[in-house]
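Below is one structure; the comments refer to it alone.
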Amino acid sequence: MTQLTTPTPTARPAAAPSAGSRAAAVGRKLRTRLLHIVPVLLLVTFGSMLLVDLTPGDPAATILGESATPDQVAALRQQLGLDRPLFVRYGEWIAHIAQGDFGRSIRSQQPVLDAILERLPVTIELAILAQIMAFLVVIPLALYTAYRAGGRADRLANVVTSGLVSMPPFLTALLLVFVFALSLRAFPATGWVRIADDPLGNLRSAFLPALALALTELAVLTRVLRSDLIATLQEDFILSAKAKGLPTWYVLLRHALRPSSFSLVTLAGLSLGRLIGGAVIVETLFALPGIGQLLVNSILAKDAVVVQGVVVFVAIVYVALNVLTDVFYTILDPRTRVTGA
Amino acid sequence: MRFLRSRGGAALAAISAALVLLAGCGGSTQGGADEPSGPPQSGGSATFGVTGDVSGTFDPAKLLSVSGTIADGTVGSLLYGGLVETDPKTQQVVPVMAKSLTSDDGTVWSLVLRDGLKFSDGTAFDAAAVKLNWERHADPALASGARGVASSFASLEVVDPTTLRITLKDINFQFPRSLALFAVNWIASPAAIRAGTLGENPVGAGPFLLKERLRDDHMTFVRNPAYYDAPRPYLDQVVLRPIPDGAQRLNSAATGQLDGLVALTRNDAVQGEQQGLQVLSVAMSGGTSMYFNFAKPTSGDVRFRQAMRLAIDNAAVSEAVEQGNGPETSTFFAPDTAFYDQAAAFPKPDLAAAQKLIDEMAAERGGPISFTFLVDQRNEQLGTAVQTQLAALKNLDMKLEVASQFLPTQRQASGDYEVSVQNNFNLDPEPRIGLLLQPGNARNFLRYDNPEMTAVMQAGRATQDLEQRKAAYRKFDEIVNRDVPWVLFLRANPNVLWDGSKLRDISVFEDGIVHWDRVWRAGT
Chain A
1 MTQLTTPTPT ARPAAAPSAG SRAAAVGRKL RTRLLHIVPV LLLVTFGSML LVDLTPGDPA
61 ATILGESATP DQVAALRQQL GLDRPLFVRY GEWIAHIAQG DFGRSIRSQQ PVLDAILERL
121 PVTIELAILA QIMAFLVVIP LALYTAYRAG GRADRLANVV TSGLVSMPPF LTALLLVFVF
181 ALSLRAFPAT GWVRIADDPL GNLRSAFLPA LALALTELAV LTRVLRSDLI ATLQEDFILS
241 AKAKGLPTWY VLLRHALRPS SFSLVTLAGL SLGRLIGGAV IVETLFALPG IGQLLVNSIL
301 AKDAVVVQGV VVFVAIVYVA LNVLTDVFYT ILDPRTRVTG A
Chain B
342 MRFLRSRGGA ALAAISAALV LLAGCGGSTQ GGADEPSGPP QSGGSATFGV TGDVSGTFDP
402 AKLLSVSGTI ADGTVGSLLY GGLVETDPKT QQVVPVMAKS LTSDDGTVWS LVLRDGLKFS
462 DGTAFDAAAV KLNWERHADP ALASGARGVA SSFASLEVVD PTTLRITLKD INFQFPRSLA
522 LFAVNWIASP AAIRAGTLGE NPVGAGPFLL KERLRDDHMT FVRNPAYYDA PRPYLDQVVL
582 RPIPDGAQRL NSAATGQLDG LVALTRNDAV QGEQQGLQVL SVAMSGGTSM YFNFAKPTSG
642 DVRFRQAMRL AIDNAAVSEA VEQGNGPETS TFFAPDTAFY DQAAAFPKPD LAAAQKLIDE
702 MAAERGGPIS FTFLVDQRNE QLGTAVQTQL AALKNLDMKL EVASQFLPTQ RQASGDYEVS
762 VQNNFNLDPE PRIGLLLQPG NARNFLRYDN PEMTAVMQAG RATQDLEQRK AAYRKFDEIV
822 NRDVPWVLFL RANPNVLWDG SKLRDISVFE DGIVHWDRVW RAGT
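The listed protein sequences derive, respectively, from chains A and B. Each residue of the first sequence is one higher than the last, beginning at 1 in the numbering used here. Each residue of the second sequence is one higher than the last, beginning at 342 in the numbering used here.
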């Protein structure tokens, strides 16, 4: 999504822009990105409605259960408006969304926005915890393995991260449950404790699912950051810093890390969005009351109104994170305030 | 107490009990209940794993059927109790909040309620409340899952505060079974109905009250002090935890997060038993079966269906799908159920006889017999096991079509299949098997039409006398073995598992809903 010209780490900005021009550049970028949201949202919401419509099953039959006659099912379809063409239903839905009305669940009659907001804290907390866990490992590991590239630790880290990347999240989750819940009895196998009820219990209930999400992310992020760091460490300014006698940790953290972080920031921004939208498997496996489980249950019940609402929400989060990522570039590298699209 | 007894003399009370509940595993309790374990103690809490959250709201009109396989059944029973229930030991419908339900002619029924019933809001649970609830279910705007049952009423008349006269549109001596199976069994407070708050703040007369809910995480119920059957319930609190994955429910029990759980597969029950849990399995007749479309040339040929029956070895299918842990499947009616008849066993596997039938058809048609076996993803393993066995037959070409979860059911309903699979398990042939075999009925996706079978099912439906019903279903077995409308592969017996050191006096009704008002916690 980002349209950046990748800067060469050795290049230096020609002149520091003023605070006013910096704000104007960020404002331009925000406006452009916000305009991009509209077609993206239209595309994904229509696509999701189409997919829900194409999946077999009839929400009316599901609601009425096995005692219903075909006439009763047909009557409910009409009552729910399911007998009307897809485009008509989509148009009506868009019109309601434009007025801030996400509609109500076909099955539970709960307002969709309430349903999302009720589950949002769980998913957000999981995503943030997973990201924190990943970064706690990624930065030191990537710095060390890049600094000692080709060494024993680097090779071992490569093997481990390759393994983690190739493991599907459900397998990771099951292994974590087996080791930490069933064998060590250190964490619960399922369930959620609200932070307001018991902060420590909340962390215990979130640890395994967040770790399951973090492991895949950290493997990808470590490999990306390591590669960028290895390239940066070959640059003259690093050699120059070393020649000045600066300590290694200082060179790595202050000189090498920042210019190597572009890919990391891009991926981290995208992965946060992916974590929010993609917690489906982990939330189902750990029986967590988050957005992922809401989505799964709504798809199974063919509750298109809820599915649409969740899709819109996730799309907004995804696009917003993209915008934030772009804005963050302008902080990481002032040249993008001028050259960034 | 007179219940389900025709005034004409047919004595349903004489129905002899046939034990149903299996004790097929070491940690299992016998019969439908835990071993007696001393006087019940009041207090304490139980946390129980169910297969999901409620499918709609807490309004009875939005809860689906009275089944332990979904959360709706347990939740509805906790909140609303029930007018009647089916005892899985005897398959007999017995009164709970009703005092009796009687009919002379199968059309006009008299429902008499217990005296002094109260909803938890203090209002009277009377015949007018039942009438109001049932009329709601019939309202199309409400889209109730029990609308089919409510639509079968020609009229409802409040005779006195505890008596409701129900006139059905058609004769049905098995009406109490429909009442027990669907949400019409749960009566909510008319005051709460009128207030329009029932969905989130349910008011019933069941043993527990809803205290708190976090959707998809837990539902907490606390004891109803106004419950009619004091000193029950014994527990102060029941927490239901929706955990969709069966293995994770077991894991949660292993880590002490759950005191008990529902297990839908025999494998899960066996694993739970290995974990030291007590297991109570409800024997259900029927199960996962191969169904034939009688309207298609190949599957409509009785020789083909008989060949399938003879070629498929259920033991091998069970070995492939459930590691041989499943109950036996030699008859349609499960052993120890009222209509079980060992003499009605399906023919034993006979590949040579099956080959002869297929060869005969192939010779007539001038080529090999081809057909498609439509299964959903959950039954792919079953489909593959069947395909492997049928590969032994020459002149037969089976294609396995694996479709997404709901597609086979849709295609069955529309008749767009030759051979397919469905999980159809029941405590009694009525009402579901009766509808499945009724010509012209929407549920008859087999397109089966045999007047002899129709008469037999009608005979089973039209009497309350057990011996007459047994006679009817012996004939049913004969016709099933002759016509082969399905090939039964696996039984699907729901299981309740619990930690016997914590929970006592577990018993179930219907297909495995725990009597939570009777359960107590040890050491409280």
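Ideal Cβ positions, reconstructed from N, Cα and C, are used throughout, including at glycine. Given the structure is predicted, the values throughout are model-derived calculations rather than measurements.
Per the coordinates, the alpha-carbon of L419 of chain B lies some 59 Å from the alpha-carbon of R258 of chain A. In the structure shown, E498 of chain B falls within a strand segment according to DSSP collapsed to helix, strand and coil. Nearest to E819 of chain B by alpha-carbon distance, out of B:A803, B:D840, B:N836 and B:M794, is B:M794. Comparing alpha-carbon positions, the option among B:D394, B:V837 and B:S386 lying closest to L621 of chain B turns out to be B:V837. The bridge partners DSSP lists for T596 of chain B come to none.
Cβ contact annotation for A241 of chain A (same chain, cutoff 7 Å, sequence separation greater than five): V251 and H255, in chain order. The continuous beta strand (DSSP E) containing N836 of chain B extends over residues N836 to W839.
The contact set of G397 of chain B on chain A, defined by CB atoms closer than 8 Å, consists of I63, R107, S108 and Q109 in chain order. At least one CB atom of chain A sits nearer than 9 Å to the CB of T596 of chain B.
Fewer than three Cβ pairs drawn from the stretch 220-233 of chain A and the stretch 194-210 of chain A lie within less than 8 Å of each other, which leaves the two stretches out of contact. Restricted to the stretch 177-245 of chain A, the alpha helix (DSSP H) segments that are unbroken, complete and at least 4 residues in length are 199-233 and 236-243, listed in chain order. Excluding the 5 residues flanking it on each side, S444 of chain B has same chain C-beta neighbours closer than 6 Å at W450, in chain order. Taking a Cβ-Cβ threshold of 9 Å, none of the residues of chain B is close to V138 of chain A; the smallest such distance is about 29 Å. The DSSP-derived three-state label of K740 of chain B is strand. Here the alpha carbons of Y681 of chain B and A657 of chain B stand approximately 23 Å from one another. Here T190 of chain A has F286 and A287 as same chain residues with Cβ atoms under 7 Å from its own Cβ, once five neighbours each way along the sequence are excluded. Look at the stretch 116-130 of chain A: the residues with a C-beta under 7 Å from a C-beta of chain B are E118. Membership of I281 of chain A in the alpha helix (DSSP H) is indicated by the continuous run V280 to L285. In its chain, beyond the 5 residues on either side, S260 and S263 have a beta carbon closer than 6 Å to the beta carbon of D228 of chain A. Around the beta-carbon of V317 of chain A, 16 or more other beta-carbon atoms lie within 10 Å, marking it buried. Under the 8 Å Cβ criterion, the stretch 734-753 of chain B counts as touching the stretch 706-724 of chain B, having at least three qualifying pairs. Taking 8 Å as the upper bound for CB-CB distance, N592 of chain B and A181 of chain A are in contact here, some 6 Å apart.
Selection B:T464, B:A387 and B:F466 evaluated against H559 of chain B yields B:A387 as nearest (Cα-Cα). When rounded, the separation of the alpha-carbon atoms in S166 of chain A and V137 of chain A is 18 Å. If you draw a 10 Å sphere on the C-beta of S461 of chain B, you find 16 or more other C-beta atoms in it, and that means buried. Nearest CB-CB separation between N202 of chain A and chain B: not below the 9 Å threshold.
With a threshold of 9 Å between beta carbons, L473 of chain B makes no contact with chain A.
Residue pairing from DSSP places Y632 of chain B in a beta bridge opposite B:S761 and B:W827. Straight across, the Cα-Cα distance linking A142 of chain A with V265 of chain A is about 14 Å. Where E118 of chain A is concerned, the enclosing alpha helix (DSSP H) starts and stops at V112 to Y147.
In this structure T123 of chain A is in contact with I276 of chain A, their Cβ atoms being roughly 6 Å apart against a cut-off of 8 Å. Q647 of chain B sits in a helix when the DSSP states are folded into three classes.
Listed in chain order, the alpha helix (DSSP H) elements of length 4 or more contained wholly in the stretch 562-613 of chain B are 587-595.
The C-alpha of E217 of chain A is placed about 50 Å away from the C-alpha of P481 of chain B.
Per DSSP, the beta bridge partners of W861 of chain B are B:R845. Burial check for K29 of chain A: the Cβ neighbour count within 10 Å reaches 16 or more, so the residue is buried.
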